[in-house]
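Notes follow the structure.
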Amino acid sequence: MARPQSTSRNFSSLFRNKPEVTFYRSAVDKALQSETGNLDLFLRFLLGLSLESNQKHLRGLQTKTRSSSQSHEETVKYIKKKIRENPSPERSINLFHCLNELNDHSLVEEIQSYLTSGSLLKPNLLPAQWSALVFVLLTSEKELDVFDLKKYSRSEEGLLRLLPVVKASRAVLLSGCGVTEEGCASLVSALESNPSHLRELDLSNNDLKD
């Protein structure tokens, strides 16, 4: 785990003589480059402070406010662009937390509208939409109790996209979802590589060939 002083040094160079948009983009890039995720919380804190509503708390600490509506909009666009580039699930989830800090919920609301209308199974979701679905499900305690893949996808692709949710759930129902040996291997690897809350797993009615 990185020390606070190390985190400060990693970001200190970003403050020096950079336009606002470049500054926040550089901070996002720096966090994404971290394999351990040790900069994730700091990035969310930094972006939260960038809101104009929070700038009043910093006026006595800095000579120039680093926030503007244009900077805010450009930062939101940049984070969405990074989500569309399909980073690792962990980095993608943190980017959604960053959008929350910036009060932008558009991607999440789009997925929630699919869930409410019952049309989630119909469209071919884009990578950013899969990431939004993962974020929505991970922040829903009800879904983490019993996760039924068929509510969201009846394909192995759906399983692979939603593996972070599987790892965080206590009971997972994958019956009749077209899971193959390859999908099962990916599932086992994911459950072994990170701590898992899983206590019950239903893989019946799939073509696993023993």
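497 is the number that the numbering used here gives to position 74 of the sequence shown; each next residue is one higher, with no gaps. All residues carry an ideal CB built from backbone N, CA and C; glycine is no exception. Note that this is a predicted model, so its numbers are computed, not measured.
Which of helix, strand or coil DSSP assigns to ASP571: Residue mapping note: residue 571 aligns to position 148 of the sequence shown, counting from 1. Looking at ASP571 - three-state DSSP - the assignment turns out to be strand.
Cβ of ALA613 within 8 Å of Cβ of VAL589? Within the sequence shown, residue 613 is the residue found at index 190, counting from 1. Within the sequence shown, residue 589 is the residue found at index 166, counting from 1. Cβ distance < 8 Å, so ALA613 and VAL589 count as in contact.
7 Å Cβ shell around VAL559 - same chain, five flanking residues per side excluded: In the sequence shown, the residue the question calls residue 559 occupies position 136. Around VAL559: VAL531, ILE534, GLN535.
Are CYS521 and LEU470 touching if we call contact CB-CB under 8 Å? On the sequence shown, position 98 is the one that residue 521 refers to. On the sequence shown, position 47 is the one that residue 470 refers to. Contact flag set, yes.
If the criterion is Cβ atoms closer than 8 Å, does the pair GLY606 and LYS573 meet it? Taking the first residue of the sequence shown as position 1, residue 606 is located at position 183. Taking the first residue of the sequence shown as position 1, residue 573 is located at position 150. Their beta carbons are not under 8 Å apart, which means GLY606 does not touch LYS573 by this criterion.
Helix, strand or coil for LEU597 per DSSP? For this step, residue 597 is matched to residue 174 along the sequence shown. Coil, per DSSP.
Report the partner residues of ASP625 according to the DSSP bridge assignment. Taking the first residue of the sequence shown as 1, we reach residue 625 at position 202. Paired residue(s): LEU596.
What separation, rounded to the nearest whole angstrom, lies between the Cα atoms of LEU582 and GLN478? The residue you call residue 582 lines up with position 159 of the sequence shown. The residue you call residue 478 lines up with position 55 of the sequence shown. If you take the alpha carbons of LEU582 and GLN478, they lie about 42 Å apart.
Beta-carbon within less than 6 Å of PHE468's beta-carbon, same chain only, minus the 5 sequence neighbours each way: which residues are those? As a working mapping, residue 468 is identified with position 45 in the sequence shown. Closer than 6 Å at the Cβ level, and outside the excluded window around PHE468, lies no residue.
By the 10 Å Cβ neighbour count, where 16 or more other Cβ atoms means buried, how is PRO442 classified, buried or exposed? Here residue 442 refers to the residue found at position 19 when the sequence shown is read from its first residue. Counting Cβ neighbours within 10 Å, PRO442 comes out exposed, since fewer than 16 surround it.
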